[in-house]
Amino acid sequence: MTDDIRVLVVDDSEFFAEMTAETLSEEHGMESHRATGADEAMDVLADAEIDCIVSDYEMPGPNGLELMEMVGAEHGDIPFILLTGRGTEEIASEAISAGVDDYILKLEVVEDQQYQQLANRITSAVDQQRTQQRYELLVDNTPDVVAQVEQDGEIVAANPAMAALAGVGRDSLRGAALTEQFPETGESWLAAGQAVLETGESRTFESEIDGRHFHNIVVPVDIRTERDTFQLIARDVTERTERAQELKRKNERLDRFASMVSHDLQGPLDIATMNAKLLAEEFDENPEELDAIQRSHDRMERLIEDVLTLARQGDTVDDPVATTIGTAAKKVWPYVDAEGTDLVVETDAEIMADDARLQELLSNLFRNATTHGGADTVRVGTFADGSSDDEASIAFYVADDGSGIPKDDYETVFETGFSTAGDGTGFGLAIVDQIADAHGWTVGVCESGAGGARFDVTGVDPA
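Going by UniProt numbering, the first residue of the sequence shown is number 1, and it counts up by one from there.
Shown next as structure tokens:
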């Protein structure tokens with residue numbers, strides 16, 4: 001859009017200035033102003049908002065580049081396009097070094113009537129300027145530390161967040177040495193910046209300043225300048241890091257507690273089980289009461305195992321590997337009490353997962369189907385994940401043709417203690433939910449096509 005662009009044409013030829021301004025206004029919809037010299041141009045700028053200046057190079061008094069310096073000193077950075085009648089390499093080099101936004105030969109505009117080209121250059125320069133202004137507004141208001149730094153460590157620009165972190169005014173940072181302003185992490189920031197300037201590839205790493213944790217991103221800056229600079233973005237992740245550390249400590253304490261409790265329970269249980277076996281040897285046929293004791297011992301054994309599993313499966317999966325769902329299912333199936341039940345694997349999909357924990361998840365779902373659901377067939381497959389915004393995400397299911405789960409229990413089925421069987425531990429599906437959550441997955445339950453239970457695991461990353 002050019003109808004909101006305000007352009008100032010400066011040329012000592014009143015005819016050329018008027019013709020150019022009128023053409024840009026009438027044919028390209030720009031609001032045009034004109035001046036015949038640097039002083040008149042400064043007067044126009046004092047009275048009007050200008051988005052771009054198109055100026056001749058050779059003029060009486062200050063030339064085009066000197067006008068650009070005058071504008072910069074009083075009005076800041078306004079896009080500046082230089083027109084020149086002499087297309088020498090010396091002038092072109094001087095213009096580029098001075099920082100003009102574009103450089104056009106006047107003859108190309110006049111002789112070939114290339115006002116469309118000039119209008120395009122103006123629009124491009126203004127668009128870039130407005131984009132830069134929006135970016136600077138974002139940078140100035142972000143809580144993240146943002147800075148542009150030269151290869152030798154001199155700070156070219158810094159946002160208020162960086163000034164606050166250094167405890168100095170923003171102007172004090174400009175031109176200062178990065179390593180002097182930030183003695184704790186300046187060396188690592190500078191080393192990363194020098195590396196990205198050498199390789200052209202961004203880097204991310206963690207650092208610490210005054211006990212606070214930062215996640216850093218360093219990228220090379222692509223600008224028209226003789227100076228090599230890189231951009232640093234540092235985000236304060238102290239609260240997130242502390243939460244993760246606290247969670248890790250809690251999990252470690254829970255693991256130690258579970259191990260201690262299970263050890264204290266396992267000893268007496270082993271003694272009770274041994275005595276029950278010795279007692280059974282005294283009878284030709286076990287009394288009903290003795291069978292009940294042995295069943296109770298078996299249930300306590302499962303409870304201890306499930307408590308340990310539940311305590312140890314909650315840690316977030318940080319290093320998933322490519323794992324085939326079908327292979328994991330077939331590995332654990334022989335260890336499930338599934339006599340008379342068939343496993344049907346309907347997928348060869350590979351996903352990113354912790355293989356051991358995926359097997360634990362499948363094992364618990366299989367036991368739920370065979371032991372509690374009385375299923376004849378258990379099916380494992382995949383389907384399109386409609387619950388995720390990530391198009392690459394997939395989902396898998398475990399479905400059976402058993403007795404199913406009442407719909408009223410769908411909301412509570414994954415809570416610790418839930419069981420549809422009188423001898424169940426109430427931990428199996430809670431373990432499933434915890435393993436899924438550790439992967440960043442979501443697990444849900446519904447009725448299968450065969451009338452049994454179906455568990456859907458969504459939000460899964462394919463390998």
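Cβ atoms here follow ideal geometry from the backbone N, Cα and C, with glycine treated the same way.
Per DSSP, what kind of secondary structure is residue i in: helix, strand or coil?
i    : result
G404 : coil
R235 : strand
F366 : helix
S32  : strand
T416 : coil
V445 : strand
A349 : coil
G340 : coil
V146 : strand
D102 : strand
E154 : strand
I5   : coil
A280 : helix
A450 : coil
Y335 : helix
I'd like the list of long-range same chain contacts for residue i, defined as Cβ closer than 7 Å, with 5 residues on each side in sequence excluded.
i    : result
T241 : H213
A195 : R203
P60  : D12 and G37
D112 : Here the model assigns D112 a pLDDT of 49, short of 50, so the residue's position is not dependable, and the following value carries that caveat. Nothing meets the Cβ criterion.
P160 : D140 and R170
M162 : V145, V146, A147 and L173
Which same chain residues, not among the five before or five after residue i, have their C-beta less than 6 Å away from its C-beta?
i    : result
L343 : W333 and V378
V237 : H213 and H215
Q231 : Q148, V219 and V221
M316 : Here the sequence assigns Thr to residue 316, which means Met is not the residue at that position. Excluding residues within five positions, the ones whose Cβ falls inside 6 Å are A438.
F205 : N216
Looking at the unbroken alpha helix (DSSP H) that takes in residue i, where does it start and where does it end?
i    : result
Y115 : Y115 to N141
P160 : P160 to A166
I325 : I325 to V332
G72  : G64 to H75
G381 : Looking at the DSSP string, G381 is not in any alpha helix (DSSP H); the run it does join, the beta strand (DSSP E), is T377 to A384.
V196 : G186 to T199
T179 : L178 to Q181
Return the first residue and the last residue of the beta strand (DSSP E) that residue i is part of.
i    : result
F15  : No beta strand (DSSP E) contains F15, which is instead part of the alpha helix (DSSP H) from E14 to E26.
D433 : Per DSSP, D433 belongs to no beta strand (DSSP E); it is in the alpha helix (DSSP H), G428 to H439.
E208 : R203 to I209
H213 : R212 to P220
D56  : C52 to D56
R170 : No beta strand (DSSP E) contains R170, which is instead part of the alpha helix (DSSP H) from R170 to L173.
G459 : A453 to V460
D84  : It should be noted that the sequence gives Thr, not Asp, for residue 84. Its beta strand (DSSP E) spans residues F80 to T84.
V44  : From DSSP, V44 is part of no beta strand (DSSP E) but of the alpha helix (DSSP H) over A38 to D47.
V317 : Run containing V317: none; DSSP gives neither H nor E here.
By how many angstroms is the C-alpha of residue j removed from the C-alpha of residue i?
i    : j    : result
P183 : R235 : 18 Å
E18  : S93  : 28 Å
V321 : E360 : 16 Å
Q132 : D51  : 13 Å
P268 : R256 : 19 Å
N120 : H33  : 18 Å
R130 : F15  : 31 Å
S419 : V221 : 59 Å
G373 : E339 : 13 Å
A158 : E201 : 22 Å
F396 : F383 : 6 Å
S393 : T341 : 31 Å
E154 : T199 : 20 Å
P406 : S207 : 52 Å
R249 : D354 : 21 Å
L165 : V145 : 8 Å
V432 : L365 : 7 Å
L107 : G85  : 6 Å
A73  : W441 : 57 Å
E40  : S97  : 25 Å
F80  : L45  : 13 Å
E180 : G99  : 30 Å
M300 : I293 : 11 Å
T323 : D4   : 57 Å
Y135 : G444 : 43 Å
Q117 : V109 : 8 Å
T225 : A95  : In this predicted model, T225 has a pLDDT of only 48, less than 50, meaning its place in the structure is not dependable enough to derive any value.
Going along the chain, which residues of its own chain have a beta-carbon closer than 8 Å to the beta-carbon of residue i, five neighbours each way excluded?
i    : result
D401 : A375, D376, T377, S448, A450, G451 and G452
E150 : V156, R227, D228 and T229
With a cut-off of 8 Å on the beta carbons, I'd call residue i and residue j a contact; round off their distance for me.
i    : j    : result
A177 : V218 : Contact flag wrong, Cβ pair sits at about 17 Å.
L279 : N368 : Contact doesn't hold; Cβ gap of about 33 Å is too wide.
M70  : M30  : The pair is not a contact, with the Cβ atoms about 23 Å apart (cut-off 8 Å).
V54  : V9   : 5 Å
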